[in-house]
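All remarks here apply to the structure that follows.
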Amino acid sequence: MIESILTRKNVGIRGRVTVKAVLSAGIIALAVLLPQLVHMAAGPQGGMQWLPMYLPVLLGGCLLGSVWGLGIGVLAPLASFAVTSAMGNAMPAAARLPFMMAELAVFAAVSGAFSQKIAANSWMAFPAVLLASVCGRLAFLALAAVFQGASGLTAAAVWSQIQTGLLGLVAQAVLVPVIVMAVAALANREKEE
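For our numbering, count along the sequence shown from 1 and bump the result up by 261.
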């Protein structure tokens, strides 16, 4: 979606990369900060229930497309792990980190695949987020099933986490598209002026 806005404004390739890099960095920073705020407000269980890192990643995919979204999906949990490890309380836990990186990469890549459709019709963010959520959670479950002997993370434990995070996914299925539609409305209003 951002690509279509930049194209409409005749922004050159260097400017596009700069804008996308700055937006990506901001989204990654939000993906580090938001879980901290949720954990402070709702405790450790709040993170598992509300899945606060997923919201910025889904937003990044919808706004920036698959390639930039994929980068955000991989880097967000890695950045969170690095920052929170330095503070003495790694989030996500080291054992969960590769799974979360893969899961969020799927979330962002799938939602990003809809980016051009979202640019044309912002309501397409709804199916983008829903499909991304299903694909990402299924990828997490499949990876846990394949690597459960090596990781200690069982498919049953992942299924329990998926059930715990259902409320967060439902909230994001509404909130992310509303944010995307607001950004689209602002861009379209600016186009008309």
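Cβ coordinates follow ideal geometry from the N, Cα and C atoms, glycine included.
Of the candidates Gly287, Pro313, Met262, Gly276, the residue whose Cα lies closest to the Cα of Gly426 is Pro313.
Secondary structure note for Lys281: its alpha helix (DSSP H) is the uninterrupted segment 274-303. Going by beta carbons, Leu365 and Ala347 fall outside the 8 Å limit.
The continuous alpha helix (DSSP H) containing Trp329 extends over residues 327-347. Using a 10 angstroms sphere on the CB of Val407, the tally of other CB atoms stays under 16, which defines it as exposed. If you ignore the 5 residues before and after Ala448, its C-beta comes within less than 7 Å of the C-beta of Ile266, all in its own chain and listed in chain order. In the displayed model, Leu399 falls within a helix according to three-state DSSP. Sequence-distant partners of Phe342 (beyond 5 residues in either direction) whose C-beta falls short of 8 Å from its own C-beta, in its chain, are Ala351, Met352, Pro353, Ala355, Leu358.
In this structure, DSSP gives Pro313 a state outside helix and strand, which the three-state scheme calls coil. At a Cβ-Cβ threshold of 8 Å, Gly373 and Leu331 count as neighbours. Going by DSSP, Thr415 is part of no alpha helix (DSSP H) at all; its letter is neither H nor E. For Ala363, the uninterrupted alpha helix (DSSP H) segment begins and ends at 358-373.
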